[in-house]
Amino acid sequence: MEAQASTSSTALPLQALFPSIPLNAFAVASGLIGLALVWFGRYGLFEKIMSVMVGIMFVSVVGSAVLALPNIPSMLTGLVPTLPAGSVFYVLGLAGGVGGTITLAAYGYWLREKGWNKPTWMKVMRVDNSVAYTMTGIFVICMLILGAELLYTANISLQSGDRGLLDMGVVLEDRYGVVWAKVFLIGFWASSFSSLLGVWHGVSLMFADIWANFRKKADDLSDDDAPGSHSAPARAYMLWLTIPPMLLLLLGRPFFLILLYGVLGSLFMPFLAITLLVLPNSSRLARQWRNRWLSNVFLAITTVVFLVLGLNELVKAVTGG
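In the working numbering, the protein residues as written are 6 to 326.
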C-alpha cells in the first residue's frame, strides 16, 4: 500500500503538468527512478536529494498559502478542534499521512547511515526532530489554508473525485496565473517524490534489519551485521516495493490509495506510542535518556485517542453503521 500511495501521489502533479501522458506511465516511471536512485546511490546523495525536494515543496506550498491567506480572525476560529459527521476517516488519513506512518521507524536507520549513533549526538537528534516537525506543521497548516480558501470556495471536494488535488492547481491558475500554478504543482511533486524516496530507502533498510535479526540471535549480532542500502535483502525489498504494487495502479483510484494508505498508516501511531511508553521508561536505559513525565502524558493521550478512533471506525465498517 505504501508503494502505491507514493507512486500515485508523485504521478498526479506530473500528469497535471503534462496531461497528454497517462497517469500510470508517470507512476511507473517514478517508481523505477526511485528504485535506481536508492539502488545505486549512497546515503549522501539520498540526503542531498531529499533536502532539495523539501526545500522546493516548502517554498512553493508556503508561498501559495501566503497568496491565498484568508481572514486571520476567521482562520483562528478554525483552530478549535471539531469533527464534522463522517470525517473521522479523513482525520485519520491526515494524521497518518502527516507524520504517523511506519516510515517513522526508518529514522533510526538514517541516523546510523549518518553516523549519529552515539549518545553524544542526542541533543543534535532532538534539534533535528524539532525542526523537522515544526516544518511539517507549517506545511500542513499551509495545505489546510489552500484547501479551505481554494477548493472549498470553488466548491471542489476531494471526496468527489481523484482529481481534487489537481483542481487546486487550476484554481491557483485562475486566481494567480499560470506560473504560480505550475510552481505549486512542482512543489506537490517534490513533496510526493521525497516521500517515495523515503519509503524506498528507509523501509528497505528496515526489512534488511529484520532479515538479519531473523537469521541470528540478538546476542550474536555485531555492528558488521547491520545491513546497508546496498545489501542483498535491502535490494530485494526495493524490487518488491517497485514491481508488484504497480499492478494495483490499474484500479484507477490514485487519490483513494493515498488516503487509504494514510488511514492504515495512522494505525501505526498507537503502536509507536505504546512502544515509546515501554522502551524509554525501561530500567535498562540510562536515567538521563528516559522519558520525562510530560512525554509520557502525551504518548498516553495519543495511544488512547487513536485506539478509540480506530476501533470506532472498524466497528462501523464491520456493522455497516
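Note that the Cβ used here is the ideal one computed from N, Cα and C, for glycine as well. It should be emphasised that the depicted structure is a prediction, and the values quoted were computed from it without experimental measurement.
Taking L19 as the centre and dropping the five residues before and after it, the same chain places the C-beta of F31 and W194 closer than 7 Å to its C-beta, in chain order.
Rounded to whole angstroms, the gap between the alpha carbons of F23 and V310 is 42 Å.
Under the three-state reduction of DSSP, G233 is assigned to coil, being neither helix nor strand.
Apart from the 5 residues on each side of it in sequence, Y181 sits with its Cβ closer than 6 Å to the Cβ of L72 in its chain, given in chain order. If only uninterrupted beta strand (DSSP E) runs of at least 3 residues are considered, none is enclosed by the region 165 to 224. Burial of F198 is indicated by the presence of at least 16 other C-beta atoms within 10 angstroms of its C-beta. When the beta-carbon positions are compared, I191 and I61 come within less than 8 Å of each other.
When the Cα atoms are used, L281 and Y48 turn out to be separated by approximately 27 Å.
Per the coordinates, the alpha-carbon of L40 lies some 7 Å from the alpha-carbon of M243. Just measuring C-alpha positions, the residue of L202, I215 and I279 sitting nearest M58 is L202. A direct Cα-to-Cα measurement between V283 and F276 gives close to 11 Å.
Boundaries cannot be given for F23, as no alpha helix (DSSP H) includes it and DSSP labels it neither H nor E. Put simply, of W185, P232, V176 and F45 the residue whose alpha carbon is nearest the alpha carbon of W216 is P232.
S65 is positioned such that its CB atom lies closer than 8 Å to that of F189. Around V129, the same chain offers W121 as residues with beta carbons nearer than 7 Å, after the five sequence neighbours per side are excluded. Around the CB of Y114, 16 or more other CB atoms lie within 10 Å, so the residue is classed as buried. Taking C-beta separations shorter than 8 Å and ignoring five residues to either side along the sequence, the partners of M127 in its chain run W294, following chain order.
Assignment of G120 by DSSP, reduced to helix, strand and coil, places it in the coil class. Counting only residues of its own chain and dropping the five nearest sequence neighbours on each side, P238 has a CB closer than 7 Å to the CB of F212, A213, W216 and P232.
Cβ contact annotation for R240 (same chain, cutoff 7 Å, sequence separation greater than five): W44, in chain order.
For R292, the three-state secondary structure derived from DSSP is helix. I54 sits close to L42, with the two beta carbons spaced by under 8 Å. Annotation for T247: A8, G36, L37, G39, L40 and W205 place their beta carbon closer than 8 Å to its own, counting only its chain and skipping 5 residues before and after.
If the five residues before and after P285 are omitted, its C-beta is found closer than 6 Å to the C-beta atoms of R295 and N296, all from its own chain and listed in chain order. DSSP places A41 in the helix class (H, G or I) of the three-state scheme. Secondary structure note for N134: its alpha helix (DSSP H) is the uninterrupted segment M127 to L151.
Distance between F144 and A137, taken at the CA atoms: about 11 Å.
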